[in-house]
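Colleague: For reference, the structure I am asking about is given below.
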Amino acid sequence: MCGIVGYTGPREAYPIVITGLKRLEYRGYDSTGVALLNGGLKVYKKKGRVADLEENILGKNLHCNIAIGHTRWATHGEPSDRNAHPHTSASGKLAMIHNGIIENYAQIKKELLNKGYSFTSDTDTEVLLNFIEDIRKNNDCNLEEAVRVALKRITGAYCILLIDEDDPETIIAARKGSPLVIGVGKGEHFLGSDASPMLEYTKEVVYVNDYELAIVRPNELILKNLGNEKITPFITKLDMELAAIEKGGYDHFMLKEIFEQPSTIHDCLRGRLDAAAGTITMSGVMNNIEHFKNASRIIIVACGTSWHAGLLAEYVIEELCRIPVEVEYASEFRYRNPIVNKGDIIIAISQSGETADTLVAIERAKENGAIIFGIVNVVGSSIARISDGGAYTHAGPEIGVASTKAFTGQLAVIMMMALKIAKEKGTITDDRYNKLLMELDAVPEKVDALLKSADLIKIIAEKYKGAGDALFLGRGYNFPIALEGALKLKEISYIHAEGYPAAEMKHGPIALVDENLPVVFVATKDSYHEKIVSNMQEIKARKGKIIAIITEGDDVIPGLADDVFYVPTADEIIAPLLSTIPLQLLSYYVGIAKGVDVDKPRNLAKSVTVE
Ligand code: G6P
0 MCGIVGYTGP REAYPIVITG LKRLEYRGYD STGVALLNGG LKVYKKKGRV
50 ADLEENILGK NLHCNIAIGH TRWATHGEPS DRNAHPHTSA SGKLAMIHNG
100 IIENYAQIKK ELLNKGYSFT SDTDTEVLLN FIEDIRKNND CNLEEAVRVA
150 LKRITGAYCI LLIDEDDPET IIAARKGSPL VIGVGKGEHF LGSDASPMLE
200 YTKEVVYVND YELAIVRPNE LILKNLGNEK ITPFITKLDM ELAAIEKGGY
250 DHFMLKEIFE QPSTIHDCLR GRLDAAAGTI TMSGVMNNIE HFKNASRIII
300 VACGTSWHAG LLAEYVIEEL CRIPVEVEYA SEFRYRNPIV NKGDIIIAIS
350 QSGETADTLV AIERAKENGA IIFGIVNVVG SSIARISDGG AYTHAGPEIG
400 VASTKAFTGQ LAVIMMMALK IAKEKGTITD DRYNKLLMEL DAVPEKVDAL
450 LKSADLIKII AEKYKGAGDA LFLGRGYNFP IALEGALKLK EISYIHAEGY
500 PAAEMKHGPI ALVDENLPVV FVATKDSYHE KIVSNMQEIK ARKGKIIAII
550 TEGDDVIPGL ADDVFYVPTA DEIIAPLLST IPLQLLSYYV GIAKGVDVDK
600 PRNLAKSVTV E
């Protein structure tokens, strides 16, 4: 979490940094700050959004050709002006921004306190910065060397950018565990947590790796490892346009991203699925096909919405490929000494490709000889790079904090993968395979059709916006979708919501049911239909309010539910790609009705690069 931006070159640096920070606000938005060099070091920082800082420093002399900026998601120290980054060293000469957590900061702070240092914030960042300054002073070395020595002493995760009043062209940067991209321009360099701050200036970027340190000047980019050996920067061409990270006429990124799904799912299937020819082309799967075919089990690790995609993957892969699948929360998996053997397949699912828990979980598994397969949205991200194989979801940049189009991209990839493996393994009949290919191919069109009725969800949202709690129920393939629906509502409307298997509801949540409790059933036509109708009767008998997502042509549930939303018919394996979309809309419209900033709901961040 936290977004970082830097610029050094001939242009005005402040506007580049401020615009870049606005694009990175999805990473955290509780306080903002910039440091710049114009005849001395100036630091401006404030609790609140980037726009608050901008307004606060109107009229100041912000002309400069070098600057760094930070948008924060608090870890050490509450959001406040004094805990906001950049932090300044004791001498007042160095300024630093940091994304990550220094785990052994307390020990280092103690050492510095004993030496007479004092601190103005509660952050681990200020400790690291003064540690660097102290090393520079005592060892009489340059800043680069001091950073290197300090980084070897610390444990934890970091991406840091530093500027020095006495070296007004240079930014020193380093990363371990938190992302850093350097944009290479003509006589200028850009730095960011992702490439969005530099999109309009350059398409040439360098993804900095863990334990690398960069010395960045307008005409020079030196990359080194912590052993002081030079590394040749590997330049990658960005395949992303500015329009992809703008709202394009929508009120919010979340709404734009929901409505983009016909095309993002299409982009995900394009070039892979050929329903007419009956083929699926996925080189990442084919390169590992013998491993998949012979796998005695697959372990999926993920967090948040991506974990829900993983749960659906368990259902689909077990059904189609007959391979046992375990789905793990990455944060649990990484610490609980799980059994991972050489040759085991671990699938990591992640929109950002940077989630710290998922990343570390697969690093551990890789050390044990597991084969890592990444299902990732952000091209070139850490998880994508350490995976042995994988498939991108091709959903494009997702800016809204609540994941929508990335989730349906993950589901589409999972379905294609499962079909491909099942076909290769011979665990699916040709008829079923061809039918599912046709069904998958038709999804973008069906999503487009159901989005035309989005206003009906708005009406339902108005009706239930005052609820204090909500229950989301589903069975089979729709159970993970119920979990995801509940998560979305929590994130975007702050209504407490729980997802449950519809039948399991009898063992607890049923106690909550009364005439005030909205119960959302994900009840598209599938092999569990009659069973879920019985569960609905159980809710109705206790006067719960029923909202049901159902299949067109269903003539049973409309007689039971208080509100229904129809989705087009689809095979039960494919239906989750449709049934999830009204739930995204429901949370969006309830959030809007409640006045929540849906793109930046409180306390959340899109990319969780701390554990
Ligand atoms: C955060 C985001 C969620 C996301 C989760 C996992 O909590 O707010 O939307 O599902 O991280 O992120 P990943 O990038 O690994 O999918």
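First residue of the sequence shown: 0, per numbering that gives the first Met the number 0; consecutive thereafter. Note that the Cβ used here is the ideal one computed from N, Cα and C, for glycine as well. Remember, predicted model here, so these are calculated numbers, not experimental data.
Go through the stretch 332–360 residue by residue and report every complete run of the beta strand (DSSP E) that reaches 3 residues or more, in order.
Modeller: You should have 344–349.
Colleague: Please list the segments of the alpha helix (DSSP H) lying wholly inside the stretch 19–105, counting only runs of 4 or more residues, in order along the chain.
Modeller: Segments of the alpha helix (DSSP H) lying fully in the stretch 19–105: 49–55.
Colleague: Given a cut-off of 8 angstroms, decide if alanine 401 and glutamate 490 are closer than it, judged by their beta-carbon atoms.
Modeller: Yes, they are a contact pair.
Colleague: Alanine 369 to glutamate 24, Cα distance in whole Å?
Modeller: The straight-line gap from Cα to Cα measures roughly 35 angstroms.
Colleague: Could you tell me which of Pro479, Val589, Gly484, Leu582 sits nearest to serine 492, measuring between CA atoms?
Modeller: Among Pro479, Val589, Gly484, Leu582, the Cα nearest to that of serine 492 is on Val589.
Colleague: Mind checking whether leucine 470 and proline 508 have CB atoms under 8 angstroms apart?
Modeller: Cβ atoms of leucine 470 and proline 508: closer than 8 angstroms.
Colleague: Ends of the beta strand (DSSP E) at arginine 216?
Modeller: Segment 211–216, the beta strand (DSSP E) holding arginine 216.
Colleague: Can the beta-carbon of lysine 404 be found closer than 8 angstroms to that of alanine 390?
Modeller: It is not a contact, given that the beta carbons lie outside the stated cut-off.
Colleague: Touch check for the stretch 232–248 and the stretch 160–173: three-plus C-beta pairs under 8 angstroms?
Modeller: No, they do not touch.
Colleague: Which residues in the same chain have their Cβ closer than 7 angstroms to the Cβ of threonine 74, if we skip the five residues on either side of it in sequence?
Modeller: Closer than 7 angstroms at Cβ, skipping near neighbours: Ile100, Val609.
Colleague: Just tell me which of Asp596, Ile413, Tyr463 has its CA closest to the CA of glycine 309.
Modeller: Closest by alpha carbon: Ile413.
Colleague: With a cut-off of 8 angstroms, do at least 3 Cβ pairs link the stretch 340–354 to the stretch 297–313?
Modeller: Yes, the stretch 340–354 touches the stretch 297–313.
Colleague: Within the present structure, is the beta-carbon of cysteine 302 separated from the nearest heavy atom of ligand 1 by less than 7 angstroms?
Modeller: Yes, Cβ of cysteine 302 sits closer than 7 angstroms to a heavy atom of ligand 1.
Colleague: Thinking C-beta only, is leucine 220 closer than 8 angstroms to valine 180?
Modeller: Not closer than 8 angstroms, so no.
Colleague: Can you check whether the CB of glutamate 132 is closer than 8 angstroms to the CB of leucine 93?
Modeller: Cβ atoms of leucine 93 and glutamate 132: closer than 8 angstroms.
Colleague: If we ignore side chains and look at the alpha-carbon of each, how far apart do lysine 108 and alanine 173 end up?
Modeller: Whole-angstrom Cα-Cα distance: 21 angstroms.
Colleague: Could you spell out where the alpha helix (DSSP H) holding phenylalanine 478 opens and where it closes?
Modeller: It spans 478–492 - the alpha helix (DSSP H) in which phenylalanine 478 sits, taken as one unbroken run.
Colleague: Could you tell me which residues DSSP pairs with lysine 136 in its beta bridges?
Modeller: Note: lysine 136 sits in no beta bridge, so no partner.
Colleague: Does DSSP put leucine 128 in a helix, a strand or coil?
Modeller: If DSSP states are grouped into helix, strand and coil, leucine 128 belongs with the helices.
Colleague: Tell me the rounded alpha-carbon separation between valine 148 and isoleucine 134.
Modeller: Distance between the alpha carbons of valine 148 and isoleucine 134 is about 8 angstroms.
Colleague: Let me check understanding here. Comparing Cα to Cα, which of Phe478, Leu410, Gly558 lies closest to valine 521?
Modeller: Out of Phe478, Leu410, Gly558, Phe478 has the C-alpha closest to the C-alpha of valine 521.
Colleague: State buried or exposed for asparagine 129, treating a residue as buried only when at least 16 other CB atoms are found within 10 Å of its CB.
Modeller: When all chains shown are included, asparagine 129 counts as buried.
Colleague: By DSSP, does alanine 329 sit in helix, in strand, or in coil?
Modeller: If DSSP states are grouped into helix, strand and coil, alanine 329 belongs with the helices.
Colleague: What is the DSSP secondary structure of asparagine 113, reduced to helix, strand or coil?
Modeller: Helix at asparagine 113.
Colleague: Of all Cβ atoms in chain D, is any one closer than 8 angstroms to the Cβ of valine 521?
Modeller: The structure shown contains no chain D; it is built from a single protein chain.
Colleague: Take the Cβ of serine 533 as the centre, count every other Cβ of all protein chains shown within 10 Å, and call the residue buried at 16 or more, exposed below.
Modeller: Flag for serine 533 reads exposed.
Colleague: Between which two residues does the beta strand (DSSP E) containing tyrosine 249 stretch?
Modeller: Element bounds for tyrosine 249: n/a, residue is neither H nor E.
Colleague: So for glycine 453, helix, strand or coil by DSSP?
Modeller: It should be pointed out that residue 453 corresponds to alanine in this sequence rather than to glycine. The answer is helix: DSSP assigns alanine 453 an H, G or I state.
Colleague: Within 7 angstroms: the Cβ of leucine 603 and any heavy atom of ligand 1?
Modeller: Yes, the Cβ of leucine 603 comes within 7 angstroms of a heavy atom of ligand 1.
Colleague: Pull up the CB-CB distance for glycine 32 and histidine 84, whole angstroms please, since I reckon it's below 8 angstroms.
Modeller: The Cβ separation is near 5 angstroms, so the contact holds.
Colleague: Thinking C-alpha only, which one of Phe258, Phe291, Val326 is nearest isoleucine 420?
Modeller: Nearest option by C-alpha distance: Phe291.
Colleague: Counting only the same chain and skipping the five closest in sequence on each side, list residues whose C-beta sits under 6 angstroms from that of cysteine 267.
Modeller: Hits under 6 angstroms: Thr392, His393, Gly408, Ala411.
Colleague: With distances taken from CA atoms, which of Ile153, Ile459, Ala355, Ile480 is nearest phenylalanine 406?
Modeller: Taking only the C-alpha atoms, the option nearest phenylalanine 406 is Ile480.
Colleague: In terms of residue numbering, what span does the alpha helix (DSSP H) encompassing aspartate 440 cover?
Modeller: Element bounds for aspartate 440: 429–440.
Colleague: With which residues is threonine 278 paired in a DSSP beta bridge?
Modeller: Asp273, per the DSSP bridge assignment.
Colleague: Going by the CB atoms, is the gap between isoleucine 257 and glutamine 536 shorter than 8 angstroms?
Modeller: It is not a contact, given that the beta carbons lie outside the stated cut-off.
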